[in-house]
Structures are given as structure tokens and as C-alpha cells.
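Accompanying notes for the structure given below.
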Amino acid sequence: MLGTLYGIGVGPGDPDLLTIKAVKALQKVHHLFAASSSKNDYSLALEIVREHVPPDTSIHLLDFPMTFDKTHLERAWHANCLTVVEKLEAGHDVAFVTLGDPMTFSTFIYLLRKVRSRLPQVPVVTIPGITAYQAAAACAQVPLAEAEETFTVISGAKGGEALGHVLPFSDNVVLMKTYKKFPQILEQIRAMGLEDRCCFVSRCGLEGQTVEKDFEKLSELNPHYLSLLILKRQGLDT
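Residue numbers for the sequence shown, in UniProt numbering: 1 to 238.
Structure, rendered in C-alpha cells:
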């Protein structure tokens with residue numbers, strides 16, 4: 001009998017935002033998996049949940065390289081999949097913890113696809129988590145959408161070009177993964193005349209949290225990995 005694969009969203013960083021359902025799942029699985037960069041063996045997702053993990057739970061860090069190289073990524077996904085599948089085939093329940101929500105820009109999505117390609121009948125339980133943009137909007141007191149407004153969530157990992165495609169059709173835009181291409185994203189925002197309509201949030205709920213609405217100060221920042229921008233076409237105070 002196959003074990004169950006749990007995908008657990010642990011929220012944006014503040015351990016107090018972990019759901020009760022997530023805690024219950026963490027306390028019953030045999031093996032706990034978390035992603036770490038190939039450059040170190042640290043996992044923020046693991047640190048967020050650590051106090052809720054029983055001492056007899058086996059903890060495994062999976063190497064997820066931060067690269068767009070498809071060949072390198074494929075090798076890593078394959079190796080990580082085999083590690084998880086081995087435990088599932090032994091009948092053990094396993095969990096993979098991920099920042100934010102498992103179905104929103106998450107490494108769990110890729111792991112789930114790989115595991116299902118080898119074990120199509122594997123039982124899967126996905127536990128949603130509070131997303132970074134929900135937490136950021138709350139701490140910045142910036143509404144994501146109201147009345148008949150729309151909002152769109154996009155990735156800025158490759159820059160801000162997508163802004164030009166979505167803003168004509170969306171009242172509010174959340175730009176995630178802004179840290180790598182931050183200067184280019186700021187240039188795009190300036191070119192579109194949206195300097196007074198954006199809010200920057202970094203390390204929401206963690207030490208060093210930053211909320212900045214003064215666009216001119218943003219160029220001085222070296223954003224942390226956990227950073228995003230909220231843009232409101234009608235303005236931040238409307």
C-alpha cells in the first residue's frame with residue numbers, strides 16, 4: 001500500500017500564520033521533505049514548522065537549484081522524485097513543506113507532477129497556505145481588490161515586461177519574485193508612469209520586514225529573496 005503525499009503550505013514566514021490543518025498533518029507523517037538551495041542546506045519552510053515536528057520524524061532536504069537551465073533542473077527533479085517515491089512505496093506518509101501556498105509559484109507543483117508520473121495512484125493531500133501577497137497586503141494596509149476590481153499575480157523572475165501585458169486589463173497587479181531583476185522592474189514601472197502607485201514589501205512577518213511606498217527610495221534597496229511589489233492602477237489611496 002502506498003503512503004500519502006502531503007503538500008503543506010507554511011505561509012509567508014511568520015510561524016503564527018501556519019494553519020491548524022498543516023500542524024495536524026506535520027504531526028502524523030513519517031518523513032518530512034523541504035527544499036533547499038544547492039548552495040546551502042537551509043530551508044526557511046522547515047524553520048517555520050520545526051517546533052511542530054515530532055522528534056521521531058525523519059527530515060530530508062531536497063536540492064532545488066536556482067536556475068533556468070532545463071537540463072540541470074530536470075536532473076534535480078528526477079533525483080528528488082526518486083527520494084520521495086522510495087518512502088511512498090514503502091508505505092510511509094510523507095510531507096513536503098513549501099513557503100506560501102503549494103499551488104502558487106511553488107516547488108511542490110513540480111514535485112507532485114514527477115511523483116504522479118511514477119506513481120499515478122498515489123494518494124495526495126494538498127493543504128493550502130497563506131500566500132506572500134495576502135500577508136503583504138495586510139501588513140501594508142493596501143487592498144488587493146474591492147468591489148468590481150480585478151487583480152493579477154505575475155512573476156518578476158525574468159523582469160517586468162509582463163506588466164505591460166496585464167495592466168491594461170487588471171486594476172491591481174502583484175509582482176512576485178522581484179529580487180533578481182529589481183532594477184529592470186523599477187525601470188519598467190517608471191516607464192509606465194506608475195511610480196506613485198506601487199508598494200514594496202519584503203520579509204513580511206519576519207525580522208527585517210520592510211514596507212516602502214516611496215518609489216524614489218526603492219532604487220537604494222538590495223531586495224531580499226522574499227520581496228514583492230503591489231501596483232494599483234487607480235492609486236494606493238483610492
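By construction, the Cβ of each residue, glycine as well, lies at the ideal position given by its N, Cα and C atoms.
### Query
Just curious, the alpha helix (DSSP H) that S117 is in, first and last residue?
107-118
### Query
So, L88 versus L119, is the Cβ gap smaller than 8 Å?
yes
### Message
Is it buried or exposed, T71, if we count other Cβ atoms within 10 angstroms and call 16 or more buried?
### Response
exposed
#### Entry: Whole-angstrom distance between D56 and A22, CA atom to CA atom
18 Å
### Query
Roughly how many whole angstroms lie between the Cα atoms of Y179 and G160?
11 Å
### Task
Taking the CB atoms as reference points, tell me whether D101 and V29 lie closer together than 8 Å.
no
### Message
Would you call the segment 9-25 in contact with the segment 43-54, where contact means no fewer than 3 C-beta pairs closer than 8 Å?
### Response
yes
### Task
With DSSP as the reference, label K181 as helix, strand or coil.
coil
### Task
Report yes or no: do three or more beta-carbon pairs, one from the segment 189-200 and one from the segment 211-224, lie closer than 8 Å?
yes
### Query
What is the DSSP secondary structure of I8, counted as helix, strand or coil?
strand
#### Entry: Beta-carbon proximity check, T174 vs L167, cutoff 8 Å
Correcting the residue type first, residue 174 is Val in the shown sequence and not Thr. No, the Cβ-Cβ distance between V174 and L167 is not below 8 Å.
### Task
Taking all protein chains shown into account, decide if A34 is buried (16 or more other Cβ within 10 angstroms of its Cβ) or exposed.
buried
### Query
Could you check where the alpha helix (DSSP H) with K213 kicks off and where it finishes?
Element bounds for K213: n/a, residue is neither H nor E.
### Query
For the candidate residues S58, A137, V85, whose alpha-carbon lies nearest to that of L2?
V85
### Query
Name the DSSP bridge partner or partners of A35?
L62
### Task
Measure the CB-CB distance between L111 and M176 and report whether it falls below 8 Å.
no
#### Entry: Candidates E149, V122, W77, K24, of which the one nearest H52 by Cα
K24
### Task
Tell whether a beta-carbon distance below 8 Å holds between L5 and V142.
no
### Closest by C-alpha distance to G156, when choosing among L73, L231, A137, T19
L231
#### Entry: Assumed close pair S202, L226 - CB separation to whole angstroms, cut-off 8 Å
6 Å
### Start-to-end residues for the beta strand (DSSP E) that takes in K232
227-232
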